[in-house]
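What follows is a set of notes on a single structure, which appears directly below.
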Amino acid sequence: MNEALLKISEIFRSIQGESSYAGWPCAFIRLAGCSHNCRYCDSLYARNTEERLTTGEVVSRALALKTEIIEITGGEPLEQPGVHQLMTELCNTGRKVLLETGGFIPVAGIDPRVHKIIDLKPPSSGESGKNCMENITLAFKAGKELQKSFEFKMVVADRNDYLWSRDLLRMHPLQKSCTVLMGVVAGELAPAQLADWILEDGLRVRMQLQLHKLLWPERTRGA
Ligand code: SF4
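FYI, the numbering for the sequence shown is 38 to 260, going by our numbering.
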């Protein structure tokens, strides 16, 4: 099989900061490009392609960082068809492979060994109308074992975002079968306020703060 060519923004090692794997050393492969415009996007620089590498070259670079976990992120990684070949090649190395996606594209057809972290964008993102609701259906239909490889993430900026998230979970109780993460847009909502709302409503979600931003608040990339 010919190796796919991928547009890459950066490949680096850091601490996983935003999932149930938060806290573990992790190699990140940031694919370049995203056709969306989330208001609080913190990786706009990933729109630019810094390198074009084959899947084999990407795998070598990631393995050289010597971590047990490798995450593919972006930009929007699912916009590059070659990412599927990359995910399978990374899984074949025996590492734990995470995929972080903005949640606008179906995750159907992804190598089942990949742990999928899927955003559900609330209204203040400006892009919530584009959420791929099919991903919720896919998670429900996945079956008990495969459901463990689905994780949904909601990042809220205000009360309206919180209520949207809460009501979505009441309508589609993902939290009964998958991990649902909820956090704040840094600098826009006090984490303690979100914690109070979660406790008041008895939501079965896992609250998280963006660990990499707490560790390295000055870093604008490579974190
Ligand atoms: S999907 Fe991700 S990379 Fe794309 S604009 Fe939204 S936050 Fe930024």
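Beta carbons are placed, not taken as given, at the ideal position from N, Cα and C, and that holds for glycine.
Straight-line Cα distance separating residue j from residue i
i: GLY119; j: GLY93; result: 11 angstroms
i: LYS181; j: ASN172; result: 16 angstroms
i: PRO228; j: ILE155; result: 21 angstroms
i: CYS63; j: LEU218; result: 19 angstroms
i: ARG27; j: THR138; result: Since the first and last residues shown for the chain are 38 and 260, residue 27 lies out of range.
i: CYS128; j: GLU225; result: 37 angstroms
i: MET191; j: LEU157; result: 5 angstroms
i: LEU246; j: GLN122; result: 32 angstroms
i: ARG243; j: GLU126; result: 31 angstroms
i: ASP233; j: LEU251; result: 21 angstroms
i: GLY220; j: GLY239; result: 16 angstroms
i: ARG76; j: ALA179; result: 31 angstroms
i: ASN85; j: GLY70; result: 7 angstroms
i: LYS167; j: ARG89; result: 28 angstroms
Opposing strand residues paired with residue i [DSSP bridges]
i: LEU135; result: GLU108, HIS152
i: THR216; result: GLU188
i: LYS44; result: ARG89
i: MET244; result: MET219
i: ILE52; result: PRO62
Classification of residue i by the beta-carbon crowding that lies within 10 angstroms, buried from 16 upward
i: MET170; result: exposed
i: MET208; result: exposed
i: ASN197; result: exposed
i: ALA99; result: buried
i: ALA83; result: buried
Near the ligand FMN: residue i beta-carbon under 7 angstroms from a heavy atom
i: SER80; result: No copy of the ligand FMN appears in this structure; the ligands present are the ligand SF4.
Assumed close pair residue i, residue j - CB separation to whole angstroms, cut-off 8 angstroms
i: LYS44; j: LEU68; result: 7 angstroms
i: TYR58; j: ILE107; result: Between ILE107 and TYR58 the Cβ distance is about 11 angstroms, and since that is not below 8 angstroms, they are no contact.
i: GLY60; j: HIS249; result: Incorrect: roughly 10 angstroms between the Cβ atoms, too far for contact.
i: THR110; j: LEU42; result: Not quite, the Cβ-Cβ distance comes to about 19 angstroms (not below 8 angstroms), so this is no contact.
i: HIS152; j: SER202; result: So it is not a contact: roughly 21 angstroms between Cβ atoms.
Terminal residues of the beta strand (DSSP E) in which residue i lies
i: VAL192; result: 187-193
i: LEU68; result: 62-68
Endpoints, the alpha helix (DSSP H) within which residue i is located
i: PRO228; result: 228-238
i: CYS71; result: Unbroken run through CYS71: none, as it is neither H nor E.
i: THR174; result: 171-178
i: ASN129; result: 120-129
i: TYR199; result: 196-208
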